[in-house]
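Numbered per the numbering used here, the sequence shown spans residues 17 to 492.
First up is the structure itself, then whatever we jot down about it.
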Amino acid sequence: MSKEYETVIGLEVHVELATKTKIFCGCSTAFGAEPNAHTCPVCTGMPGSLPVLNKQVVEYAMAVGIATNCNITQYCKFDRKNYFYPDNPQNYQISQLYLPICRNGYVEIKSENGTKKVGIHEIHMEEDAGKLIHSEWDDCSMVDYNRSGVPLIEIVSEPDMRSADEVIAYLDKLRLIIQYLGASDCKLNEGSMRADVNLSVREVGAKEFGTRTEMKNLNSFKAIARAIENERERQIDLIESGEAVVQETRRWDDNKEYSYAMRSKEDAQDYRYFPEPDLVPIVISDEWIDEVKNRQPELRDEKMARYEADYKIPAYDADIITSSKKMADIFEQTVELGANPKKVSNYLMGETMRLLKENDMDADEISFSPKNLAALIKLIDAGTINSSVAKEVFEKIFKDDIEPEKYVEENGLKMDNDEDGLRKIIEEVVAANPQSVEDYRNGKEKAIGFLVGQTMKATKGKANPGIINKILKELL
């Protein structure tokens with residue numbers, strides 16, 4: 017009988033914080049600048065330069081800790097993690113080992129197995145390293161120190177996850193909490209959120225954990241899911257064939273769907289940690305914690321509950337709208353401008369989602385203003401335009417954020433409510449389509465739809481469908 021195996025997964029999630037400047041100097045953290053444009057003696061590790069801590073980094077770390085039910089370490093300090101690598105200019109990284117800023121938290125996730133708590137062992141602050149660029153043409157490596165000194169928090173989970181599904185649910189939960197806090201944009205593709213996966217397998221029912229490996233270079237949820245499935249299978253194959261799993265760091269190649277060993281896994285003693293002598297300890301008062309707590313915005317779970325209660329929109333709508341902070345902001349601001357919540361929700365769930373999919377865009381990339389969406393809904397409610405014109409106008413709003421009233425006026429798209437003029441057009445349509453008239457009189461209700469369509473065609477889509485239906489029924 018074949019053995020059953022259980023996967024045990026813990027994550028180390030690095031998040032680049034949304035500060036304007038780096039953690040220990042005044043250099044810009046903006047993404048995409050020329051190589052080495054955002055550097056100074058501190059972040060390039062020049063002798064004699066001294067770090068000065070960015071207060072905003074501490075506040076963001078506290079905010080994430082509070083939102084993930086952690087205890088805040090009120091006396092915490094930085095440590096030096098020593099290692100030698102070209103993208104690490106000082107030959108050490110300033111991090112936190114002994115007294116991390118947040119400890120013992122959890123988040124609640126929903127997955128295919130129901131609801132469960134995933135423990136957070138700790139959250140610590142640290143600086144990012146630079147970036148090595150390997151040139152295939154010149155057979156050399158170049159280093160860009162723009163990222164060196166960008167502030168990070170590392171969120172270390174407990175080994176509480178058992179499947180790729182739970183891992184994605186956990187990452188999604190963290191991503192939304194951090195985005196709602198405004199602490200980071202959490203873009204995996206730009207590296208502002210990076211996850212390392214620690215994974216082991218054991219026989220179902222076993223008490224001891226198996227030997228774990230760590231996988232790096234995972235920059236999308238899909239890549240993470242594929243890497244987990246692949247590594248689980250690899251470890252089971254090794255165990256089944258009587259070989260040992262080696263504790264090591266592996267690099268995932270998403271194109272080849274294959275991971276390969278990078279180095280044997282280091283332990284803390286390999287880094288020769290010691291307290292950072294150039295930075296004083298951080299003392300966090302109760303008042304400071306309260307101040308950060310009072311500034312915490314409404315997070316996704318609370319928002320969903322409020323949307324259902326206050327705006328009377330279905331749970332399904334609330335779930336999709338709040339799955340992006342950008343979408344939730346547009347929804348609330350459009351409703352504040354007087355639009356009906358359900359109509360706003362319908363536009364976001366229907367046309368917006370359709371256009372995002374067609375243009376292969378993320379909800380965070382929406383660029384239209386709530387003002388113009390509210391104005392469009394107002395034009396529909398007033399009977400100024402019909403639904404097919406509204407669809408055309410919304411596509412222009414989505415693409416270029418045009419003012420709908422102006423666009424409708426300039427393009428002559430106002431709905432035609434002139435009953436006498438419409439009656440003449442409908443009489444011509446009826447005369448030209450005797451078969452459809454016959455079908456309708458013989459009880460085929462659908463035949464009227466064809467006649468409505470022909471009338472809309474004749475009026476270039478500007479007629480009022482309600483008036484067309486009314487006149488057609490009279491004539492027939």
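Where is the CB? At the ideal position from N, CA and C, for every residue including glycine.
Quick caveat, the model's predicted, so the values are computed rather than measured.
Remark: C-beta atoms of C86 and G165 do not approach each other more closely than 8 angstroms. In this structure I169 is in contact with I139, their Cβ atoms being roughly 5 angstroms apart against a cut-off of 8 angstroms. Counting along the chain, the unbroken alpha helix (DSSP H) around A390 starts and ends at 386-397. Within the segment 194-232, the runs of beta strand (DSSP E) that reach at least 3 residues and sit entirely inside it are, in chain order, 209-219, 229-232. Here the alpha carbon of L371 sits roughly 8 angstroms from the alpha carbon of F414. For N402, the number of other beta carbons within 10 angstroms of its own is at least 16, and it is reported as buried. For P297, no beta strand (DSSP E) encloses it, and the DSSP letter there is neither H nor E. The Cβ neighbour count for E348, taken over all protein chains shown within 10 Å, is at least 16; the residue is labelled buried. Bounds of the beta strand (DSSP E) holding G135 are 130-143. For the options T45, Y76, D345, A355, the alpha carbon positioned closest to that of Q312 is the one of Y76. One alpha carbon belongs to F237, the other to K38, and they sit about 27 angstroms apart. For A277, the enclosing beta strand (DSSP E) starts and ends at 274-280. S301 is positioned such that its CB atom lies no closer than 8 angstroms to that of I337. Cα atoms of M343 and E32: separation of roughly 22 angstroms, rounded to the nearest angstrom.
Beta-bridge pairing by DSSP links Y91 to V299. Just so you know, the alpha carbons of S127 and S339 end up roughly 15 angstroms apart. With fewer than 16 other beta carbons inside 10 angstroms of its own, V299 counts as exposed. G42 carries a coil assignment under DSSP once its states are collapsed to helix, strand and coil. Residue burial is scored here from C-beta neighbours: N104 has at least 16 other C-beta atoms within 10 angstroms and is therefore classed as buried.
Taking C-beta separations shorter than 8 angstroms and ignoring five residues to either side along the sequence, the partners of C118 in its chain run A77, M78, V80, G81, T84, C86, N87, I88, T89, I136, E138, I139, H140, following chain order.
The segment 61-75 makes no contact with the segment 211-218: fewer than 3 CB pairs, one atom from each, lie closer than 8 angstroms. Per DSSP, the beta-bridge partners of E22 are R218. D335: member of the alpha helix (DSSP H) spanning 331-337, first to last residue. Straight-line measurement puts the Cα of E454 at about 11 angstroms from the Cα of I464.
Rounded to the nearest whole angstrom, the C-alpha separation of A321 and Y186 is 20 angstroms.
Taking 4 residues as the shortest admissible run, the segment 344-380 contains the following complete alpha helix (DSSP H) segments, listed from N- to C-terminal end: 357-363, 369-374. DSSP lists H150 as the beta-bridge partner residues of S157.
In the DSSP assignment, V58 falls outside any beta strand (DSSP E), carrying neither H nor E.
D144 sits buried, since 16 or more C-beta atoms from the chains shown fall within 10 Å of its C-beta. Ranked by Cα distance from V409, the first of E367, Q106, N70, N107 is E367. The beta carbon of M158 is closer than 7 angstroms to those of I149, S151 in its chain, skipping five residues each way along the sequence. Shown here, D103 sits in coil according to DSSP, grouped into three states, outside any helix or strand. DSSP places D417 in the coil class of the three-state scheme, outside both helix and strand. Separation of the CB atoms of L353 and A379 is rounded to 20 angstroms, and the pair is thereby denied contact status at 8 angstroms. Distances from the alpha-carbon of D317 to those of D188, E142, M62, E219 put D188 closest. Between A355 and I329 the beta-carbon gap is near 13 angstroms, outside 8 angstroms, which marks them as no contact.
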